[in-house]
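Trainee: In full-length UniProt numbering, the protein residues as written are 39 to 405.
For glycine and all other residues, C-beta sits at the position ideal for the given N, C-alpha and C.
For clarity, every value in this text was computed on a predicted model and none was experimentally measured.
For reference, the structure I am asking about is given below.
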Ligand code: 13P
Ligand code: SF4
């Protein structure tokens, strides 16, 4: 539906009044009505870098979800204030790993005698607490666009795959949090590991549901978390679209299940998906396995260039928490700031920030 013209005008006026004081970041899964007001759009990695690169903006309005706003707060100076237009915009995947559960997991690894040879690698889609745990234990954050480089770093390999013995941070095992699919897909697709190198730690079972032998044999200990949006795509979705659209290219996000990724033609972050479609020749056909706001926007953008872009599944799947940020919430946040009232500020406490920042800075320094 077209946006309410009154709200569009109010958003414009509030942004104009704020001028350079405000910088609006928009994740690719945001609604069109919100993306329209973003100064920069991006995947999680690009937005983290953009937040860190705006020291002059007094306010960062983050149109995305809670963990992204937390990361922006960690990476910006104390003087800057980060605002999330709706505090209910969380992420169900990030909620699947709590600080208590992860501390308990580390105890299990210690008990099994493997904690010393394990380095945590945590997906950006995690709370600041989990990022701080990661930093404290010598690990790094990764996003879907640099997960391969993060694993190479963790295992002490250089780009050629050789072991680099000078890297004293390197370990034999990785504890990958909290998305089992990104962890497994990266290990198998990009690192040449086998599915048997991976075990899944279930925080709801005693000892994660794993024996000490399983923990000792594994190279990747995957946290049992997933994205419910990407979890909807199945092998049948891929087979179905290939039957319906001959010659279709299937391009999916690495948060999809391993069998979906294995059956796809290409895999990548949201930014990668956009670049791939931008470079695609006229007449090509694409089925995209990621959130629907982005797929619809791309389908509309390239419709007149004769690129056929369809959603991978027959049912619709928006990320309901990304969708919480709508034009009324954005207008409210901007108008409040323009009146000098900071609403919905996201602020990570100093102790958590110190270690979470270490882990995020390791990611930003990855080659
Ligand atoms: P990227 O934008 O980094 O690909 O991440 C997708 C996602 O699920 C963000 O929540
Ligand atoms: Fe979280 Fe999935 Fe939504 Fe991304 S798409 S914010 S991982 S629930």
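So residue 189 and residue 229 are supposed to be a Cβ contact under 8 Å. How far apart are they, rounded?
Mentor: Going by Cβ atoms, the distance from residue 189 to residue 229 rounds to 5 Å, so yes, they are a contact pair.
Trainee: For residue 182, count the other beta carbons within 10 Å of its own beta carbon; 16 or more makes it buried, fewer makes it exposed. Which is it?
Mentor: Label assigned to residue 182: buried.
Trainee: Assuming residue 211 and residue 257 form a contact by the criterion Cβ under 8 Å, report the distance between their Cβ atoms to the nearest whole angstrom.
Mentor: Correct: roughly 6 Å between the Cβ atoms.
Trainee: Exposed or buried, what is residue 218 when buried is set at 16 or more other beta-carbons lying within 10 Å of its beta-carbon?
Mentor: Residue 218 should be labelled buried.
Trainee: Is it buried or exposed for residue 59, if we count other Cβ within 10 angstroms and need 16 for buried?
Mentor: Looking at its Cβ environment, which holds fewer than 16 other Cβ atoms inside 10 Å, residue 59 is exposed.
Trainee: Using only the heavy atoms of the ligand FMN, determine whether one of them is closer than 7 Å to the beta carbon of residue 258.
Mentor: In the structure shown, the ligand FMN is absent; the only ligands present are the ligand 13P and the ligand SF4.
Trainee: Taking C-alpha atoms, which residue in 221, 177, 282 lies nearest to residue 207?
Mentor: Residue 177 is the option with its Cα nearest to residue 207.
Trainee: Could you check what DSSP says for residue 211 in three-state terms: helix, strand or coil?
Mentor: Here residue 211 sits in strand by DSSP.
Trainee: For residue 77, which residues in the same chain have their Cβ closer than 6 Å to its Cβ, ignoring the five residues on either side in sequence?
Mentor: Closer than 6 Å at Cβ, skipping near neighbours: 61, 62.
Trainee: Which ranges does the beta strand (DSSP E) cover as unbroken runs of at least 3 residues, wholly within the segment 277-334, from first to last along the chain?
Mentor: Fully enclosed beta strand (DSSP E) runs of 3 or longer: 287-290, 323-327.
Trainee: For the ligand 13P, I want to know if residue 120 counts as a neighbour, meaning its beta carbon is within less than 7 Å of at least one of the ligand's heavy atoms.
Mentor: Residue 120 Cβ: outside cutoff for every heavy atom of the ligand 13P.
Trainee: Which residues in the same chain have their Cβ closer than 7 Å to the Cβ of residue 385, if we skip the five residues on either side of it in sequence?
Mentor: These residues qualify, in order along the chain: 111.
Trainee: DSSP has residue 347 in a bridge; who is on the other side?
Mentor: Answer by DSSP bridge pairing, in chain order: 324.
Trainee: Report the three-state DSSP secondary structure of residue 100 (helix, strand or coil).
Mentor: Residue 100: strand per DSSP, three-state reduction.
Trainee: Measure the Cβ-Cβ separation of residue 152 and residue 253 and say whether it is below 8 Å.
Mentor: Yes, Cβ-Cβ distance for residue 152 and residue 253 is below 8 Å.
Trainee: What number of angstroms, rounded off, separates the C-alpha of residue 125 from the C-alpha of residue 99?
Mentor: Cα to Cα, residue 125 sits roughly 12 Å from residue 99.
Trainee: For a test of the three-state rule: what should DSSP assign to residue 203, helix, strand or coil?
Mentor: Any reading at residue 203 must be qualified, since the residue scores a pLDDT of 47, below 50, and its modelled position is unreliable; the value itself is stated next. Residue state, collapsed to three classes: coil.
Trainee: Classify residue 222 as buried or exposed, calling it buried when 16 or more other Cβ atoms lie within 10 Å of its own Cβ.
Mentor: By the 10 Å Cβ count, residue 222 comes out buried.
Trainee: Cβ of residue 88 within 7 Å of any heavy atom in the ligand 13P?
Mentor: Residue 88 Cβ: outside cutoff for every heavy atom of the ligand 13P.
Trainee: Between residue 317 and residue 284, what straight-line distance do the alpha-carbon atoms span, to the nearest angstrom?
Mentor: Approximately 20 Å between the Cα atoms of the pair.
Trainee: When every heavy atom of the ligand SF4 is checked, does at least one fall within less than 7 Å of the C-beta of residue 287?
Mentor: Outside the cutoff, so no.
Trainee: In the DSSP assignment, what residue or residues form a beta bridge with residue 65?
Mentor: For residue 65, which the question treats as bridged, DSSP gives the partners 80.
Trainee: Residue range of the alpha helix (DSSP H) that residue 158 falls in?
Mentor: Here residue 158 belongs to no alpha helix (DSSP H); instead the beta strand (DSSP E) covers 156-161.
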